[in-house]
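Undergrad: Here the sequence shown is numbered in the working numbering, starting from 469 and rising by one per residue.
Please find one structure pasted underneath; my questions will follow.
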Amino acid sequence: MEVFEEAIEPAVTSDPSSDGTKVDRRRLLEQLVLFSLLASCRKPATQLAAPDATVSATVSSEVSAAPTHAFAPFHRETLDAIANRILPPEGRGPSAAQARATEFIDRELSKPELSELKRAVQGGLLALDRRAAAQGGRRFKDLTPSEQDELFQQLITTPGQGQEFARLLVKLVLEGTFGDPAYGGNAGNVGFELAGYAPPKRAKP
């Protein structure tokens, strides 16, 4: 499995106050919401509309088990902080925190078949904290929102492993915001509501 095989091009706009570019989060969200909904539908046992009681029972059994988690509190703090700059609690639409997007990421990457991806994300989060410490003397979560945005902009606009990691996080956060709520994210269907999507109800087993 290629960890970054489906990295998504970021949406950027010219920033009249600088010579570079900045990430337009809401434009990026609008461009990728459909992708994220389709990605959630590709899960083999997680179709939004269960065609029969057998499939519905399988899904219910799968998601009702006590979830396991991929990240230690140290990693999770950094993940929460960067996710809330990708989809911040400002403007229209849900934030990553409101959607519990990082809960989805934490659960999904605990699966054995995604161990390679988990290691890549753990390493990226540690590298992000190291870069934050080098530039600001603090962990990423302790930077101001503007400092966090500046560092994230550096990552996503500079070719290299940092850019690949930033794009991967964008993809995971959007999947957690707009995917099937049964998997930990899209709390209260906030992502579906923003997209104007009414998911079919599951058939009862």
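Note that beta-carbon positions come from the ideal geometry of N, C-alpha and C, so glycine has one too.
These figures come from a predicted structure and were not determined experimentally.
Can you list, in chain order, the residues of its chain with a C-beta nearer than 7 Å to that of G605? Leave out the 5 residues immediately preceding and following it.
TA: Translated into the one-based positions of the sequence shown, residue 605 becomes position 137. Cβ within range, chain order: n/a, list empty.
Undergrad: Can you check whether the CB of Q616 is closer than 9 Å to the CB of F608?
TA: Mapped onto the sequence shown, residue 608 falls at position 140. Mapped onto the sequence shown, residue 616 falls at position 148. Yes, Cβ-Cβ distance for F608 and Q616 is below 9 Å.
Undergrad: In whole angstroms, give me the CA-to-CA distance for G652 and G628.
TA: Locating residue 652 in the sequence shown gives position 184, counting from the first residue. Locating residue 628 in the sequence shown gives position 160, counting from the first residue. Their backbone Cα atoms lie some 31 Å apart in a straight line.
Undergrad: Measure the CB-CB distance between I550 and L642 and report whether it falls below 9 Å.
TA: The residue labelled residue 550 in the question sits at position 82 within the sequence shown. The residue labelled residue 642 in the question sits at position 174 within the sequence shown. Going by C-beta atoms, I550 is not nearer than 9 Å to L642.
Undergrad: Label G664 either buried or exposed according to how many other C-beta atoms from any shown protein chain fall within 10 Å of its C-beta, with 16 as the threshold for buried.
TA: Within the sequence shown, the letter at position 196 stands for residue 664. Result: exposed.
Undergrad: Are there three or more Cβ pairs, one per stretch, closer than 8 Å when the segment 567 to 580 is compared with the segment 655 to 663?
TA: At 8 Å Cβ cutoff, the stretches touch.
Undergrad: Check E558 in the structure and name its three-state DSSP category.
TA: Mapped onto the sequence shown, residue 558 falls at position 90. Reduced to three states, the DSSP call for E558 is coil.
Undergrad: Kindly indicate which three-state DSSP category R606 falls into: helix, strand or coil?
TA: Counted from its first residue, the sequence shown places residue 606 at position 138. DSSP places R606 in coil when its eight states are reduced to three.
Undergrad: Please state whether DSSP places K586 in a helix, a strand or coil.
TA: Locating residue 586 in the sequence shown gives position 118, counting from the first residue. In this structure, K586 counts as helix in the three-state DSSP scheme.
Undergrad: Just to confirm before moving on: does the CB-CB distance between G630 and A595 stay below 9 Å?
TA: Mapped onto the sequence shown, residue 630 falls at position 162. Mapped onto the sequence shown, residue 595 falls at position 127. Contact: yes.
Undergrad: For T645 and Q603, I'd like the C-alpha separation in whole angstroms.
TA: Here residue 645 refers to the residue found at position 177 when the sequence shown is read from its first residue. Here residue 603 refers to the residue found at position 135 when the sequence shown is read from its first residue. Distance between the alpha carbons of T645 and Q603: 30 Å.
Undergrad: Taking the alpha helix (DSSP H) that G644 belongs to, which residues open and close that run?
TA: For the purposes of this step, residue 644 is taken as the residue at position 176 of the sequence shown. 629 to 646 is the extent of the alpha helix (DSSP H) around G644.
Undergrad: Under the three-state reduction of DSSP, which class applies to L662: helix, strand or coil?
TA: Stepping through the sequence shown from its first residue, residue 662 is reached at position 194. Three-state DSSP puts L662 in a helix.
Undergrad: If distances are taken between C-alpha atoms only, which option among L593, E558, G592, R544 comes closest to F572?
TA: The sequence position of residue 572 within the sequence shown is 104, counting from 1. Of the listed residues, the one whose Cα sits closest to F572 is R544.
Undergrad: For A588 and I554, I'd like the C-alpha separation in whole angstroms.
TA: Start at 1 with the first residue of the sequence shown, and residue 588 comes out as number 120. Start at 1 with the first residue of the sequence shown, and residue 554 comes out as number 86. C-alpha separation (whole angstroms): 19 Å.
Undergrad: What separation, rounded to the nearest whole angstrom, lies between the Cα atoms of A666 and F660?
TA: In the sequence shown, the residue the question calls residue 666 occupies position 198. In the sequence shown, the residue the question calls residue 660 occupies position 192. Straight-line Cα distance between these residues: approximately 7 Å.
Undergrad: Can you tell which of L619, G591, D648, P613 has the C-alpha that lies nearest to the C-alpha of A538?
TA: In the sequence shown, residue 538 corresponds to position 70, counting from 1. Nearest of L619, G591, D648, P613 to A538, Cα basis: G591.
Undergrad: DSSP three-state label for P580, please.
TA: Numbered from its first residue, the sequence shown carries residue 580 at position 112. In the structure shown, P580 sits in a helix (DSSP, three-state: H, G or I).
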